[in-house]
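Read through the structure below, which is laid out as structure tokens, and then see the notes.
Number of protein chains: 2
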Amino acid sequence: MYRTHTCGELRKENIGEKVTLSGWVQLKRDKGGMIWIDLRDRYGITQLAAERTQTDSKLIEKIDNVNREYVIQIRGEVIERYSKNDKIPTGDIEIKIEELNVLSESETPPFTIIDNTDGGDELRMKYRYLDIRRNPVREALLLRHRMAQEVRKYLDNNNFVEVETPYLIKSTPEGARDFVVPSRMNPGEFYALPQSPQQYKQLLMVAGMDRYFQIVKCFRDEDLRADRQPEFTQIDCEMSFVEQNDVLYIFEGMVKYLFKTVKGIEINDKFPCMPYSEAMEKYGNDKPDIRFGMTITDITKNVKGKNFPVFDSAEYIGGICLKNGSEYTRKQLDALTDFVKMPQIGAKGLVYCRYNIDGTLKSSVDKFYNENDLLDFANKMQSEKGDLILILAGDKESTLHALSELRLKLANETGLRPKDTFAPLWVVEFPLLEWNEESQRFHAKHHPFTSPFDEDITLFKTDPGKIRAKAYDLVINGVEIGGGSIRIFNKELQETMFQNLGFTREEAENQFGFLMNAFKYGPPPHGGIAFGFDRLCSLFGGSDSIRDFIAFPKNNAGRDVMSNSPSEISKEQLDELGIKIK
Amino acid sequence: MYRTHTCGELRKENIGEKVTLSGWVQLKRDKGGMIWIDLRDRYGITQLAAERTQTDSKLIEKIDNVNREYVIQIRGEVIERYSKNDKIPTGDIEIKIEELNVLSESETPPFTIIDNTDGGDELRMKYRYLDIRRNPVREALLLRHRMAQEVRKYLDNNNFVEVETPYLIKSTPEGARDFVVPSRMNPGEFYALPQSPQQYKQLLMVAGMDRYFQIVKCFRDEDLRADRQPEFTQIDCEMSFVEQNDVLYIFEGMVKYLFKTVKGIEINDKFPCMPYSEAMEKYGNDKPDIRFGMTITDITKNVKGKNFPVFDSAEYIGGICLKNGSEYTRKQLDALTDFVKMPQIGAKGLVYCRYNIDGTLKSSVDKFYNENDLLDFANKMQSEKGDLILILAGDKESTLHALSELRLKLANETGLRPKDTFAPLWVVEFPLLEWNEESQRFHAKHHPFTSPFDEDITLFKTDPGKIRAKAYDLVINGVEIGGGSIRIFNKELQETMFQNLGFTREEAENQFGFLMNAFKYGPPPHGGIAFGFDRLCSLFGGSDSIRDFIAFPKNNAGRDVMSNSPSEISKEQLDELGIKIK
Chain A
8 MYRTHTCGEL RKENIGEKVT LSGWVQLKRD KGGMIWIDLR DRYGITQLAA ERTQTDSKLI
68 EKIDNVNREY VIQIRGEVIE RYSKNDKIPT GDIEIKIEEL NVLSESETPP FTIIDNTDGG
128 DELRMKYRYL DIRRNPVREA LLLRHRMAQE VRKYLDNNNF VEVETPYLIK STPEGARDFV
188 VPSRMNPGEF YALPQSPQQY KQLLMVAGMD RYFQIVKCFR DEDLRADRQP EFTQIDCEMS
248 FVEQNDVLYI FEGMVKYLFK TVKGIEINDK FPCMPYSEAM EKYGNDKPDI RFGMTITDIT
308 KNVKGKNFPV FDSAEYIGGI CLKNGSEYTR KQLDALTDFV KMPQIGAKGL VYCRYNIDGT
368 LKSSVDKFYN ENDLLDFANK MQSEKGDLIL ILAGDKESTL HALSELRLKL ANETGLRPKD
428 TFAPLWVVEF PLLEWNEESQ RFHAKHHPFT SPFDEDITLF KTDPGKIRAK AYDLVINGVE
488 IGGGSIRIFN KELQETMFQN LGFTREEAEN QFGFLMNAFK YGPPPHGGIA FGFDRLCSLF
548 GGSDSIRDFI AFPKNNAGRD VMSNSPSEIS KEQLDELGIK IK
Chain B
8 MYRTHTCGEL RKENIGEKVT LSGWVQLKRD KGGMIWIDLR DRYGITQLAA ERTQTDSKLI
68 EKIDNVNREY VIQIRGEVIE RYSKNDKIPT GDIEIKIEEL NVLSESETPP FTIIDNTDGG
128 DELRMKYRYL DIRRNPVREA LLLRHRMAQE VRKYLDNNNF VEVETPYLIK STPEGARDFV
188 VPSRMNPGEF YALPQSPQQY KQLLMVAGMD RYFQIVKCFR DEDLRADRQP EFTQIDCEMS
248 FVEQNDVLYI FEGMVKYLFK TVKGIEINDK FPCMPYSEAM EKYGNDKPDI RFGMTITDIT
308 KNVKGKNFPV FDSAEYIGGI CLKNGSEYTR KQLDALTDFV KMPQIGAKGL VYCRYNIDGT
368 LKSSVDKFYN ENDLLDFANK MQSEKGDLIL ILAGDKESTL HALSELRLKL ANETGLRPKD
428 TFAPLWVVEF PLLEWNEESQ RFHAKHHPFT SPFDEDITLF KTDPGKIRAK AYDLVINGVE
488 IGGGSIRIFN KELQETMFQN LGFTREEAEN QFGFLMNAFK YGPPPHGGIA FGFDRLCSLF
548 GGSDSIRDFI AFPKNNAGRD VMSNSPSEIS KEQLDELGIK IK
């Protein structure tokens with residue numbers, strides 16, 4: 008037996024016991040007369056001790072030969088520590104070493120196995136198995152484990168059935184971002200890896216499974232941005248005989264359950280629901296962080312006609328108001344101006360107005376607006392003495408985008424986005440269709456099976472862009488955590504939808520054939536949702552990066568630097584598959 | 008709201024309530040004055056009723072228009088049934104229809120949605136979403152769900168951490184049966200889909216995760232035999248600081264827990280352990296069904312020297328004894344002879360000996376053996392009056408194989424393999440190496456990281472074929488359910504192993520490089536196991552086929568006949584991937 012206890016287990020009550028422990032040498036401190044070793048495993052750290060003069064010389068020699076990250080097994084007696092360590096649960100005791108076996112040696116690791124390691128990102132990825140030994144990464148993976156268990160517990164308790172859908176599926180003509188898999192048994196033919204199990208979960212509803220879920224890997228072969236992975240994990244769910252509110256109710260319940268069981272946070276209030284249009288007007292984007300206000304006010308009508316050409320020529324002028332920001336220095340304001348002028352933000356300039364504590368107002372456009380004008384704007388924006396008003400102008404879409412970015416930057420700078428506060432929000436009433444300039448036709452904003460609002464169906468004939476969808480996103484702290492929709496299950500409506508998306512009947516058949524076929528045999532009303540599990544875990548873990556919550560992530564080029572994959576394969580293998588490299 | 012209750016929920020206590028139900032029309036019976044509909048959902052069947060003369064004519068028209076597999080929503084009052092149906096939980100009540108909406112219509116399904124359907128295999132697969140509506144398939148998937156939840160509960164309670172390992176991994180030179188995935192972002196390079204997460208789970212042990220599990224899809228691009236799938240699911244586990252007994256203890260516990268929670272079966276006894284050599288000698292194969300005896304007796308030494316050339320020239324002669332089989336007719340014995348002569352069984356003939364109730368013995372080799380001789384054999388085989396002795400001769404390996412097949416056939420015929428009896432068994436002490444005639448070298452029987460018995464290590468120099476491995480299989484009812492091993496974690500031993508397998512250092516590096524590299528930094532002693540989850544579910548479900556326990560299985564050619572995949576992909580897609588079809 009390699010151990011009687013783990014390294015996180017022994018307490019005062021165990022004093023006097025003879026124990027066997029195994030683990031990694033975290034640290035050895037040699038203070039002349041005394042040698043201490045911190046022995047580490049997944050469960051904690053236990054201090055080992057040996058007194059040079061009172062220990063057998065062979066054992067001392069063994070202890071002296073031990074180095075960091077060696078795996079050792081020791082036997083000894085649990086004794087009370089002279090100087091206790093109240094930072095670790097085993098801090099009251101130590102083990103007096105009586106026997107020591109080196110189970111395996113270690114070369115010096117390429118970076119130190121401590122919380123704030125000296126290893127850079129690439130090195131840590133290359134030696135991921137060492138990186139995982141560090142507390143922050145291990146704890147991220149343990150959190151992910153806990154969340155997966157609790158998700159399943161909640162869904163199981165609510166009658167959801169976990170069904171494994173296939174990974175080798177049909178490649179569809181428009182699946183441009185599909186990973187494909189050549190089939191040796193069917194030369195010249197390919198499977199695709201699923202971008203999501205969307206069609207299968209809808210088939211399961213046709214199949215009468217009523218409530219389905221799966222924590223499942225999905226794949227997308229796209230140019231990676233920071234924090235995107237070619238394989239990622241979804242909590243994928245679908246329900247039958249439901250309307251939008253039924254879906255929101257169940258999954259709001261799931262998120263609350265997770266906060267409670269995993270984070271110990273009780274959220275009693277119903278999550279607020281915000282229409283997409285309101286999110287865009289007030290926050291400038293469809294995933295607002297509502298931990299703080301600083302909402303956008305449209306002052307287009309209020310500021311025109313004073314001969315300030317920038318405003319007079321703008322489609323849209325909007326402002327936000329930073330509470331207690333009137334003392335922002337000129338330098339700080341210049342930095343903000345530089346920020347909004349960055350290409351990815353895209354504004355032309357920034358107008359500010361200080362609403363000073365003494366009630367005076369001072370702006371960068373004093374030439375055009377007197378103090379009364381400024382007070383009008385201030386009132387319109389519900390600004391108070393001591394606030395800073397920031398105004399951007401331009402075409403509506405990009406100005407709202409820039410205001411949103413500015414709002415988030417100010418919030419980050421002023422501590423309005425604390426990682427331990429969580430503000431969930433349902434964004435609803437998304438547009439069903441989006442006009443695509445390039446193809447000069449409408450695209451489905453969500454996917455072509457998303458149901459329109461019943462009362463908006465007549466708009467297909469008059470103003471398709473105005474049709475609202477029974478689609479919903481869950482946003483927490485400005486991060487899109489999940490999204491879904493009620494699906495179309497009516498043949499005629501589905502055909503109208505395909506027509507509006509510019510699909511011929513044949514194209515629709517080609518791309519969605521087996522699902523359309525299934526819909527001939529009594530599809531129930533149904534809807535669902537999918538959560539980005541990597542993202543949800545990183546949110547719960549208080550991190551901005553999903554990588555630490557993935558055991559073996561790939562880098563931004565889609566490479567696994569540890570195993571050096573992807574890689575070339577042999578000519579024989581290519582021959583067997585009936586393919587050639589061009 | 009589509010429903011107030013499911014179709015499995017209403018009882019006598021609900022009589023008088025107004026309810027709304029939704030579901031599929033299972034059956035409509037029109038008895039002139041009365042119309043009944045069986046309404047079905049995942050949870051059960053509820054009977055609906057309408058009396059022609061007392062129902063509004065528009066409603067009657069709607070009811071008349073409804074057909075099998077239509078999805079309808081009805082509102083009505085729960086009333087007591089005149090003739091109760093004690094076969095279903097809702098059998099005391101029915102709903103008097105007051106309103107009916109057709110939610111969606113159905114064409115006539117290609118086969119009937121009943122337990123014993125008229126649909127053939129191929130048709131059921133093509134319309135799998137209809138097949139799943141049938142009780143047996145739905146129940147198989149619900150059983151699988153239940154088992155997955157209980158597996159995770161047990162492992163979570165035992166400190167196992169669920170870690171998702173990657174699906175896009177490195178293709179290795181010997182991964183001939185790997186599915187590969189071309190990378191668009193890295194043209195000419197490929198990922199592979201994992202045949203198992205073996206190397207990753209060992210890396211997680213190096214990473215200090217201590218106990219890992221995952222219910223995970225694995226992929227193998229091989230010629231499919233009946234009941235093999237190109238993608239299949241494993242319960243994959245690994246533990247650190249363990250010896251073989253620790254692993255067996257934990258996973259025996261898991262299987263007992265599953266039997267108890269899923270099947271209500273308590274197994275208190277420790278699972279028996281049987282060395283591989285004993286399994287081969289007594290049962291003729293390494294996954295014996297021990298629900299019954301009928302073990303093989305080696306009578307090679309007892310039967311030679313009586314001038315019967317078949318026996319005298321045979322390397323091995325073995326027999327089994329069928330209890331109470333002495334009355335097998337000549338015709339039955341001829342059939343058994345035909346059976347053992349089939350090419351896949353491979354025997355040349357069958358010798359029988361009836362040990363009659365009256366104590367006389369009568370054999371097919373009476374010319375060579377008198378009654379005393381026969382009595383000797385009978386005693387050697389612990390045969391009794393009324394038994395039938397069956398003997399095969401030939402080279403040892405194939406004769407044992409044939410005896411094993413004969414034993415199973417007799418057991419099937421005589422009801423010795425009841426589906427509701429479960430006999431788990433650990434098979435242990437597998438040989439570490441297997442001689443391969445073709446390549447004229449040893450291959451690893453399990454895999455190259457499997458640890459040999461400590462006391463057998465010296466045999467590497469003298470008789471490598473005799474080395475026993477710390478490897479184990481869990482066998483239930485003659486089916487291999489799981490298998491695993493204690494791994495080598497010592498560099499020198501690993502090198503000895505590679506040498507014996509004929510790997511050069513470079514080849515080993517190429518194939519197992521990143522794992523070997525990880526082993527430089529303090530690998531802990533570790534071992535693990537993997538269970539075939541599809542197989543385990545079908546065993547629990549009392550089925551010989553795994554297909555019904557997979558939601559969307561592929562056929563024996565690796566095709567999904569529902570979606571018609573794999574399929575051709577477009578030239579543009581091939582171009583983007585930088586590959587060509589040959």
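Here the protein sequences line up with chains A and B, keeping their order. Position in the first sequence counted from 1, then plus 7, gives you the numbering used here. Position in the second sequence counted from 1, then plus 7, gives you the numbering used here. The beta carbon of each residue, even a glycine, is placed where N, CA and C say it ideally should be.
For asparagine 517 of chain B, the enclosing alpha helix (DSSP H) starts and ends at 512-525.
Among the residues facing chain A, tyrosine 479 of chain B is not included, as its CB has no counterpart in that chain under 8 Å away. Annotated as proximal: methionine 301 of chain B and isoleucine 327 of chain B, with beta-carbon spacing under 8 Å. Of all residues in the region 549-574 of chain B, those with a C-beta nearer than 8 Å to a C-beta of chain A are Ile557, Ala558, Phe559, Lys561, Ala564, Gly565, Arg566, Asp567, Met569, Ser570, Asn571, Ser572, Pro573 and Ser574, reading in chain order. Under a criterion of Cβ atoms nearer than 9 Å, no residue of chain A is adjacent to threonine 511 of chain B; the nearest Cβ is some 17 Å distant.
Restricting attention to alpha helix (DSSP H) runs no shorter than 4 residues, the region 448-498 of chain A encloses them at 466-469, ordered along the chain. In this structure the region 123-132 of chain A does not touch the region 220-239 of chain A; the number of beta carbon pairs closer than 8 Å is below three. For lysine 527 of chain A, the chain B residues whose C-beta falls within less than 8 Å of its own C-beta are Ser113 and Glu114, listed in chain order. When beta bridges are read from the DSSP output, leucine 55 of chain A appears opposite A:Ile44 and A:Ile102.
Lysine 160 of chain B and aspartate 253 of chain A have their C-alpha atoms some 28 Å from each other. Comparing alpha-carbon positions, the option among A:Gln156, A:Asp37 and A:Asn166 lying closest to leucine 162 of chain B turns out to be A:Gln156.
Within the same chain, Cβ atoms closer than 8 Å to the Cβ of proline 143 of chain A are found at Asp122 and Asp555, the five residues on either side in sequence being excluded. Within the region 230-251 of chain A, the residues whose Cβ lies closer than 9 Å to any Cβ of chain B are, in chain order, Asp230, Leu231, Pro237, Glu238, Thr240, Ser247, Phe248, Val249 and Glu250. If you draw a straight line from the Cα of histidine 453 of chain A to the Cα of phenylalanine 384 of chain A, it comes to about 38 Å. Distance between glycine 291 of chain A and aspartate 305 of chain A, taken at the CA atoms: about 11 Å. Counting only Cβ-Cβ distances below 9 Å, methionine 192 of chain A has contacts in chain B at Asp228, Glu229, Asp230, Leu231, Pro237, Ala564, Gly565, Arg566 and Pro573, in chain order.
The criterion of a C-beta distance shorter than 8 Å is not satisfied by valine 158 of chain B and isoleucine 102 of chain B.
With a minimum length of 3 residues, the unbroken runs of beta strand (DSSP E) contained wholly in the region 123-210 of chain B fall at 187-189 and 197-199. Burial is judged here by how many other beta carbons sit within 10 angstroms of a residue's own beta carbon; arginine 10 of chain A has at least 16 and is buried. Here the alpha carbons of asparagine 484 of chain B and proline 431 of chain B stand approximately 7 Å from one another. With a threshold of 8 Å between beta carbons, aspartate 163 of chain A makes contact with chain B. In this chain, the beta strand (DSSP E) harbouring glutamate 238 of chain A covers 238-247. Measuring C-alpha to C-alpha distances from lysine 392 of chain B to each of B:Pro455, B:Asp380 and B:Tyr362 identifies B:Tyr362 as the nearest. Tyrosine 528 of chain B: not part of any beta strand (DSSP E); DSSP gives it neither H nor E. Per DSSP, glycine 509 of chain B lies in no alpha helix (DSSP H) and is assigned neither H nor E. For glycine 260 of chain A, no CB of chain B lies under 8 Å from its own CB, so it is not counted at the interface with that chain. Between the alpha carbons of aspartate 293 of chain B and proline 438 of chain B lies a gap of roughly 11 Å. Within the same chain, and ignoring the five residues on either side of glutamate 106 of chain A in sequence, the residues whose Cβ sits closer than 6 Å to its Cβ are Arg82.
Per DSSP, reduced to three states, the secondary structure at lysine 355 of chain A is coil, with no helix or strand assignment.
Only those residues of the region 412-428 of chain A whose C-beta falls short of 9 Å from the nearest C-beta of chain B would be listed, and there are none.
Counting along the chain, isoleucine 324 of chain B sits inside the beta strand (DSSP E) bounded by residues 323-329. A Cβ-Cβ distance of about 7 Å is found for the pair arginine 49 of chain B and arginine 145 of chain B, placing them in contact under the 8 Å criterion.
Listed along chain A, no residue sits closer than 7 Å to leucine 265 of chain B by beta-carbon distance, the nearest being about 16 Å off. The continuous beta strand (DSSP E) containing phenylalanine 226 of chain B extends over residues 218-226.
In this structure, DSSP gives tyrosine 283 of chain A a helical state, which the three-state scheme calls helix. Within the region 64-77 of chain B, contact with chain A at the beta-carbon level (separation under 8 Å) is assigned to Glu76 and Tyr77.
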